[in-house]
Amino acid sequence: MSKTTLMAILVIMFVAVIVVIKESREDLSKNILDKDAVILAFGDSLTHGFGASIKDSYPAQLEKKTGLKVINAGINGETTSEGLLRLPKFLEQKPDLVILCHGGNDILQKLSQENLKSNLQKMVRLIKQSGAEVILVAVPDFHMFGFGTLSLYAEVADEVGILLEDDVLTHIELNRALKSDYVHPNEKGYEMMANAFVKILKDYKFIAP
Numbered sequence: 003m004s005k006t007t008l009m010a011i012l013v014i015m016f017v018a019v020i021v022v023i024k025e026s027r028e029d030l031s032k033n034i035l036d037k038d039a040v041i042l043a044f045g046d047s048l049t050h051g052f053g054a055s056i057k058d059s060y061p062a063q064l065e066k067k068t069g070l071k072v073i074n075a076g077i078n079g080e081t082t083s084e085g086l087l088r089l090p091k092f093l094e095q096k097p098d099l100v101i102l103c104h105g106g107n108d109i110l111q112k113l114s115q116e117n118l119k120s121n122l123q124k125m126v127r128l129i130k131q132s133g134a135e136v137i138l139v140a141v142p143d144f145h146m147f148g149f150g151t152l153s154l155y156a157e158v159a160d161e162v163g164i165l166l167e168d169d170v171l172t173h174i175e176l177n178r179a180l181k182s183d184y185v186h187p188n189e190k191g192y193e194m195m196a197n198a199f200v201k202i203l204k205d206y207k208f209i210a211p
């Protein structure tokens, strides 16, 4: 093999390595939200912050911890059927990420779990069609000993291929010191929710570590 041929091969290999490194960096950073990104926190009273002041709700605390704009779109007492009708209006604001925490009132009122799952699927589809990413938050079964989350949340996340947070609310529900009443977190509980979401955002590179 001539020196010229060897040199050409080395140059080609060098360029290939540079391309791979560049693509790898792009892959690692593709989900990072920029400083102007908007997060939509959509849900019921667990999102609104019932049991604490608005400034201590998880959306407000998440905004402080990330420095990003977080819209609190939580409505006390809302069911998923009502949320499904309300969601399109907020998606018009073109959020980059939606944290969907819904279904608590369906569970408390013992409404159809089939409808609950269907409504969550429809909301997730609307969010994805808008171009936003989704984090689905599993809500515990408040009637179940141990406050286990309903399996339908994991089923929806798996079927649609989105991120699922299925630990934090169960942990809060099992710790009286983190609750303002039987169902709702207090300031410390909402801070735990915000911290759980910050961890997901960092782990999946939505924001820098």
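Per the numbering used here, the sequence shown starts with residue 3, numbered consecutively.
We put the beta carbon where it would ideally sit given N, CA and C, even for glycine.
message: Quick check on Asp38: buried or exposed, where buried means 16 or more other Cβ atoms within 10 Å of its Cβ?
response: exposed
query: Between Leu93, Pro61, Ala43 and Asp183, which lies nearest to Phe144 when the distance is taken from Cα to Cα?
result: Asp183
message: In the DSSP output, which residue or residues are listed as bridge partners for Val40?
response: Lys71
- prompt: What number of angstroms, rounded off, separates the C-alpha of Leu154 from the C-alpha of Leu70?
  reply: 30 Å
- request: Can you have a look at Gln63 and say buried or exposed, based on whether 16 or more other CB atoms are within 10 angstroms of its CB?
  value: buried
Under the three-state DSSP convention, the category Ser31 falls into: Caution applies to Ser31, whose pLDDT of 42 falls short of 50 and renders its modelled position unreliable; the model cannot decide the point.
- prompt: To the nearest angstrom, how far is it from the Cα of Ile129 to the Cα of Glu84?
  reply: 16 Å
- request: Kindly provide the ranges of any alpha helix (DSSP H) runs that are 4 or more residues long and lie completely inside the segment 71-117, ordered along the chain.
  value: 82-93 and 106-110
- request: Rounded to whole angstroms, what's the CA-CA distance from Leu122 to Leu99? Just pull it up for me.
  value: 16 Å
field: Whole-angstrom C-beta distance between Phe92 and Phe44, which should lie under 8 Å
entry: 6 Å
message: Please report the straight-line C-alpha distance between Leu102 and Glu94, rounded to a whole angstrom.
response: 16 Å
field: Which residues DSSP lists as bridging Glu167, in chain order
entry: Val139
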